[in-house]
Structure formats: C-alpha cells, structure tokens
Amino acid sequence: MGPISASSGDYGLFCAIDASGKQAVICWDANNSSTSSASTSLHYSTVLPPMAALSGGEGFLCGILSNTSQALCWDSSGIREGDLVLDCWFANLSSPVDYDPPLQLCSPGLCTAGACGEGMFAFNASLLNEPDLTSLCVRKDLRICSPCGLNCSEGFFPSSLCTSDADRICTPCSLCQNSSCGDICKLESLRGTRKIKRNWDQLHQLFLIIGSAASGFFLILLAWCLLPRAAVANNEEGEKKRCCLFPCVPGPGPRPVPDPNADQHPPASVAPCPGVAQIFRLSELKDATNGFKEFNELGRGSYGFVYKAVLADGRPVAVKRANAATIIHTNSRDFETELEILCNVRHSNIVNLLGYCAEMGERLLVYEYMPHGSLHDHLHGGLSTLNWTLRLKIAMQAAKGLEYLHKEVVPPIVHREVKSSKILLDVDWGARIADFGLLTPSERDIAADMRMDVYGFGVVLLEILSGRKAYDGDCVPPDIVDWALPQIKHGKAAAVIDRYAALPRNVEPLLKLADIAELALREEPNKRASMSDLTVLLEQLVKDGLIL
C-alpha cells in the first residue's frame, strides 16, 4: 500500500485517499475472516472519483469530491434523523419525487476561509434555532457563503438589501410607507387610483346633491332665527338668536362629563392601533435579549421561546421567537396574514402586538411586556397571593378580553388554550389575554371552538375561587372540575373557597362567582353561557361593590 493522505472507517470497513497524486480512494474490509491482514484483502475502487476528504460512520462512508466539492456517500444512504448524524446525497442528480428524509439539521454549504464574494452572504447558524449551535464550522475563521436572493416575489418589495452577513429582506407591499417602495408596488397603487377615478363621477354628483340640500337647510334656519316676532320680548328674542343658530357648536361653558364606566379608550399603557406593526431588525432584537440568552427567557411553548427584551430606547418588551418546526410549517404568506390581523387587534385586556422581525428566515413577534407575570404564577407558583378584590377584577377583565376576541374581531379569534398561565398581569395589575391563535374559515365550527374557550375560562374561575390547580395529582380527584362542580351544584360552594386567602366579611360574591363558573362548565356545550353573558355577570358582580 502506498502513502495515505486521509482515512476513515467504522465497523470493519475502512477507506483511505491515496497520496500518490491520483487521490484515488482505497477501501478494505478488516473483518474478513479469510484474510490475515489488511494488505492481503486490499482492493482498489474503480467507480469512486478522486476525493478531497473522507468521513464515515456506522455502515456508511462519505467523501468530498475533489473537482466539485460535493458530498458522495456509499455502502448506505446515510444516517437519518434518529441517529442525529447526516444524510448525504448527490446535489447534481435528480432524486425520486418521494425522497424526503426527515433531516434534523442540514448545512446550506461548505465551510470556506476568507470573506464571501460579491452576491454572497455569510450564513448565520442562529437561523437553525438550535440553542447550543453557535456555528456550523469548526473554526471561527471559516464561514458558509450562500447566494443572495434576487428579486422579491409579486406583491413584495426589498426593504433591505443583501449585505455580507444577511440576505435581502422582502416585505409585503401592503406595508409600503414611502416612495422608495412605491415604484415597485406601483401596480397596487395604480389599481387603487383607477378605482377612485371610476367612482369619482358618482361621488361628485352625490356631493353636489348633499351640498345643495345643506345650503338650503341653512338658509331656512337662518331666516327662521332672524325673522322678528312681534309677540316676543327683546330679551327673549336675543336668547333665541343665541341658542337656535349654533345648537351643536360647543361654547365656552361646561361640557358633558364622560361616563367613567364607559370603556371608550384603552389606558395610556396601550398604544393606539398603528395600522402597521413596527419592523425590527434582527440585530436590534439580539442586542435587546442579550443574544437570546437563557437568562432572558420568560417561557416556552409549541410556538417557540419568549424572551424579555429591553429596546435601545429603554422600553421593556416581550419577544416571541418561533422554533424551527413553526417556521417550517408556516409559510411567509400565512405569517403576513397573521401579522395583518394581529396588528389591528387592540384592546386593553389582551397582550397587544408592537412589531415583528422576519429577517434571515426568523419569525419574531414583539409584544407588550407584562411585569407581574401570569395569574398561574400568583395562584400556584409561589408569587404574592392575590386578594379577593384583585381576583374578581382579574376575572372580569379576562372575560372582557376573550369577549373582544370572540365578538369584536373579524374574523373571530378563538384562543383554544384558555388557562391561568395565559392570563398575564400588566404594570397596573390588569388582566391581559396572551398567546391567542387565529381562526381561519377553513377550520372547524367557530361556535364549537368558542364554547371550548368558555369551558377553559370556567376552569380559570374555579382556580381563582379555590386556589387549586386545574389538575393536581396530589388531590383526589385530581381534576378541579370533578372536585368543585358537584359541590357547587349541591349548594356547598363555600367548601370550594380558597382557605389560604383571608375571607371577606361577606362571602356572597364568592358564592356568585361559583355559580358563574358553573354556567361556563356545563357538560353540554350548547347550554354553556357565552363570553358576553359571563362578562355581563362578572361586571355586575364587581359593580355591585360587595367586595370592591
């Protein structure tokens, strides 16, 4: 055997690259019982082209072709997701249509030294949403260069050009705000202009009719006010002139006092609907979350991770970062549709969206930050105990938030996972509904899903009333509904009240709260109260002032 430049093997199969200059691949089987040494069982491969590098594993070997730098594997199709290694296949050959291996992680290219060339950008490993993966290359001076994207698809404009470390960003034309993107999105603008021109003639005629009628009415009113009346004294005549000519123009006198109970505007902590969510840069959110470090993590769920962030202007926000599975199963169109809806969903009792980031394949949503945690944390997690006044207030406000999603939003939004951990508390201890999903017309019956939300809210009311978890394996029965509902139905609701919270002098409001929970937890969905009904009952309970 001649000199060897590189070798690899496993489980008795070994291959090496001949260093004599031809870079031919030499393989042998060390487990062949008929041979006494590797040299006697040596055979030269006549089908494998020259290789620059080799690597192997259980039952397979892979190499990098010298001329094209592509990966080539033999003896097996590679190692699949269950082994957490690698699948190798030809990049320049057509694969069967049904070939779709369940890959865990896939590199978009080879690691190379030096800066990326023109029209290329350095791929960022953070896009793969692997917390422990900081780089795909073994050395810091190596990078994977990927080609920059060219034109954006129809209906999108490039909001950021390709740089040395980031691909270009395509943003929907519906979010175009200035002239720089107006030319690219001109088709949409022209369509709107043509529509205005088509309707202008009809509107012009309508304005003329309305203007003529208004002018005639004003002249009649003016004449009626100025005509002298012999039977009226001078002071009465002057008073009539003052009050009849400008009946709707506010004067310097006192103005109507607004109803303090009317929920006309959200509190100051909720910004008015911006119409378009703020677009954040990925680098900005990375800095705000200390690089998405674990100590900034607020929670995690099926969507991904939630981090506390402090923006450059000092604002605290919550950043929800989608995991790889969410990104794979959500295309950009679905994401933009969700953004358009969430941007216009604004209420003082939900966690409102502030902005988003969609750079380099990321899906980041920026929400208002809730400093007092969740209702679950205070009822079951060891945080400060909530008094009964605050518990009833939270129940009422959470009901308002769900009612808004069910009744006021078009199309309606169904939460599907109403529980105490999804009710967050803002700086004023106000209740906010978080993590609500979007209901699309193609999904199942809207009314049925809303009744599921009602049932979930009924469970939350039992948690507020009893202080018990929705499911507690240390209790018998472990399910809170199985434990509390029979007692409430048999007139023993007092036995359900949380004994670790100081009882008020009058427990009647708590007994009424138990009755309201029973309305939401009825076994037949059609007999459950709606969120609007529950909101009215809880508002009345708080308004009566029996506790508050």
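Oh and the sequence shown: position 51 is 51 in the UniProt record's numbering, straight run, nothing missing. Heads up, the beta-carbon is just placed ideally off N, CA and C, and yes, glycines get one too. Keep in mind it's a predicted model, so treat the numbers as computed, not measured.
Could you check what DSSP says for residue 605 in three-state terms: helix, strand or coil? With the chain covering only 1 through 548, there is no way to say anything about residue 605.
When you compare the CB positions of GLY119 and CYS148, do they come within less than 8 Å of one another, or not? The residue you call residue 119 lines up with position 119 of the sequence shown. The residue you call residue 148 lines up with position 148 of the sequence shown. For GLY119 and CYS148, yes; Cβs fall inside 8 Å.
Let's see if you can read the secondary structure: which residues bound the beta strand (DSSP E) around TYR356? On the sequence shown, residue 356 is found 356 positions in, with the first residue counted as 1. 353-357 is the extent of the beta strand (DSSP E) around TYR356.
Following the continuous alpha helix (DSSP H) through LYS543, name the residue where it begins and the one where it ends. Start at 1 with the first residue of the sequence shown, and residue 543 comes out as number 543. For LYS543, the enclosing alpha helix (DSSP H) begins and ends at 531-543.
Alpha carbons only, please: which of ARG300, PHE280, ALA484 and SER153 is nearest the one belonging to SER466? The residue labelled residue 466 in the question sits at position 466 within the sequence shown. Nearest C-alpha to SER466 among ARG300, PHE280, ALA484 and SER153: ALA484.
Spatially closest choice to LEU424 from TYR367, ASP141 and ILE480, by CA coordinates: Along the sequence shown, one-based indexing puts residue 424 at 424. Ranking TYR367, ASP141 and ILE480 by Cα distance to LEU424 puts TYR367 first.
With respect to the beta strand (DSSP E) encompassing TYR307, which residues constitute its N-terminal and C-terminal limits? If you number the sequence shown from 1, residue 307 lands on position 307. Run containing TYR307: 304-310, per the beta strand (DSSP E) assignment.
Below 8 Å on the Cβ atoms is my contact criterion, and I expect SER153 with CYS170 to pass it. Report the Cβ-Cβ distance as a whole number of Å. For the purposes of this step, residue 153 is taken as the residue at position 153 of the sequence shown. For the purposes of this step, residue 170 is taken as the residue at position 170 of the sequence shown. So it is a contact: roughly 7 Å between Cβ atoms.
Among SER283, LEU537 and TYR471, which one has its Cα closest to the Cα of ASP515? Taking the sequence shown and counting its residues from 1, the one referred to as residue 515 is at position 515. For ASP515, the nearest C-alpha among the options comes from LEU537.
Which class does PRO486 belong to by DSSP, given the choice of helix, strand or coil? Working through the sequence shown from its first residue, we reach residue 486 at position 486. The answer is helix: DSSP assigns PRO486 an H, G or I state.
Spatial distance of ALA448 from ARG522 (CA atoms): Counted from its first residue, the sequence shown places residue 448 at position 448. Counted from its first residue, the sequence shown places residue 522 at position 522. Between ALA448 and ARG522, the C-alpha separation is close to 14 Å.
Ignore the nearest five residues each way along the sequence and tell me which others in LEU511's own chain have a CB closer than 6 Å to its CB. If you number the sequence shown from 1, residue 511 lands on position 511. Excluding positions up to five away in sequence, the list reads ALA493.
Which word fits GLY78, buried or exposed, when buried means at least 16 other C-beta atoms lie within 10 angstroms of its C-beta? For the purposes of this step, residue 78 is taken as the residue at position 78 of the sequence shown. Low confidence applies here, because GLY78 scores a pLDDT of 42, under 50, leaving its location unreliable and the question unanswered by this model.
I think ALA318 touches TYR369, with their Cβ atoms under 8 Å apart; what is that distance to the nearest whole Å? On the sequence shown, position 318 is the one that residue 318 refers to. On the sequence shown, position 369 is the one that residue 369 refers to. That belief holds up - the Cβ atoms of ALA318 and TYR369 are roughly 5 Å apart, short of 8 Å.
Rounded to whole angstroms, what's the CA-CA distance from LEU365 to ALA529? Just pull it up for me. If you number the sequence shown from 1, residue 365 lands on position 365. If you number the sequence shown from 1, residue 529 lands on position 529. If I take the Cα positions, the gap works out to 33 Å.
For GLY491 and LEU282, I'd like the C-alpha separation in whole angstroms. Here residue 491 is taken as the residue at index 491 of the sequence shown, counted from 1. Here residue 282 is taken as the residue at index 282 of the sequence shown, counted from 1. GLY491 and LEU282: Cα-Cα distance of roughly 57 Å.
Same chain only: Cβ atoms within 8 Å of ARG451, ignoring 5 sequence neighbours per side: The count along the sequence shown starts at 1 and reaches residue 451 at position 451. Around ARG451: PRO525, ASN526 and ARG528.
If you draw a straight line from the alpha carbon of ALA277 to that of HIS347, how long is it in whole angstroms? Taking the sequence shown and counting its residues from 1, one reaches residue 277 at position 277. Taking the sequence shown and counting its residues from 1, one reaches residue 347 at position 347. So the alpha carbons of these two residues sit roughly 15 Å apart.
Beta strand (DSSP E) containing PRO509: first to last residue? Taking the first residue of the sequence shown as 1, we reach residue 509 at position 509. Per DSSP, PRO509 lies in no beta strand (DSSP E) segment; the continuous alpha helix (DSSP H) that holds it begins and ends at 508-520.
Which residues in the same chain as ASP165 place their Cβ atom closer than 8 Å to its Cβ, once the five residues preceding and following it in sequence are excluded? On the sequence shown, residue 165 is found 165 positions in, with the first residue counted as 1. Around ASP165: PHE121, ALA122 and ASN124.
Using CA atoms only, rank isn't needed, just tell me which of ASN349, THR289, GLU417 and VAL409 is closest to ARG315. Looking up residue 315 in the sequence shown gives position 315. It is THR289.
Should the stretch 494-503 be regarded as contacting the stretch 464-478, the criterion being three or more beta carbon pairs within less than 8 Å? Touching, yes, given that three or more Cβ pairs across the two stretches are closer than 8 Å.
Taking only three categories from DSSP, how would you classify ARG168? Position 168 of the sequence shown, counted from the first residue, corresponds to residue 168. Three-state result, ARG168: coil.
Applying the criterion that 16 or more other CB atoms from any shown protein chain within 10 Å of the CB defines a buried residue, is VAL460 buried or exposed? As a position in the sequence shown, residue 460 is number 460, starting the count at 1. It counts as buried.
Using a 10 Å radius around the Cβ and a threshold of 16 neighbouring Cβ atoms, would you call PHE156 buried or exposed? Here residue 156 is taken as the residue at index 156 of the sequence shown, counted from 1. Classified as buried, PHE156 has 16 or more neighbouring CB atoms from the shown chains inside 10 Å of its CB.
Taking the straight line between their C-alpha atoms, what separation do you get for TYR303 and VAL507? Within the sequence shown, the letter at position 303 stands for residue 303. Within the sequence shown, the letter at position 507 stands for residue 507. TYR303 and VAL507 have their C-alpha atoms some 41 Å from each other.
For VAL496, name the three-state secondary structure that DSSP assigns. The residue labelled residue 496 in the question sits at position 496 within the sequence shown. Three-state result, VAL496: helix.
Proximity of GLY299 and VAL306 at Cβ, strictly below 8 Å: On the sequence shown, residue 299 is found 299 positions in, with the first residue counted as 1. On the sequence shown, residue 306 is found 306 positions in, with the first residue counted as 1. Yes, these two residues count as a Cβ contact at 8 Å.
Taking 6 Å as the limit between beta carbons, can you name the residues of its chain near SER159, skipping five residues before and five after? Counting from 1 along the sequence shown, the entry for residue 159 is found at position 159. Around SER159, the same chain offers ILE169 and THR171 as residues with beta carbons nearer than 6 Å, after the five sequence neighbours per side are excluded.
Thinking C-beta only, is VAL418 closer than 8 Å to GLY381? Numbered from its first residue, the sequence shown carries residue 381 at position 381. Numbered from its first residue, the sequence shown carries residue 418 at position 418. GLY381 places its beta carbon 8 Å or farther from that of VAL418.
What residues match up with MET51 in a beta bridge as DSSP calls it? Counting from 1 along the sequence shown, the entry for residue 51 is found at position 51. MET51 is bridged to LEU65.
ARG432 - DSSP class collapsed to helix/strand/coil: Walking along the sequence shown from the start, residue 432 turns up at place 432. Strand, per DSSP.
Give me the Cβ distance between LEU405 and ILE350, rounded to the nearest whole Å; I'm assuming they're in contact under 8 Å. Against the sequence shown, residue 405 aligns to sequence position 405. Against the sequence shown, residue 350 aligns to sequence position 350. Confirmed, about 7 Å.
Write down the C-beta distance between LEU519 and GLU463 rounded to the nearest angstrom, noting that I regard them as a contact closer than 8 Å. On the sequence shown, residue 519 is found 519 positions in, with the first residue counted as 1. On the sequence shown, residue 463 is found 463 positions in, with the first residue counted as 1. At roughly 16 Å, the Cβ-Cβ gap does not stay under 8 Å, so LEU519 and GLU463 are not in contact.
Near ASP287, what residues of its chain come up, given a Cβ to Cβ distance below 8 Å and the 5 sequence neighbours on each side ignored? By 1-based counting over the sequence shown, the position of residue 287 is 287. Once the five neighbours on either side are set aside, the close Cβ partners of ASP287 are ALA312.
Grab the span of the alpha helix (DSSP H) containing LYS419 for me, first residue to last. Along the sequence shown, one-based indexing puts residue 419 at 419. That residue, LYS419, is in no alpha helix (DSSP H); it is neither H nor E in DSSP.
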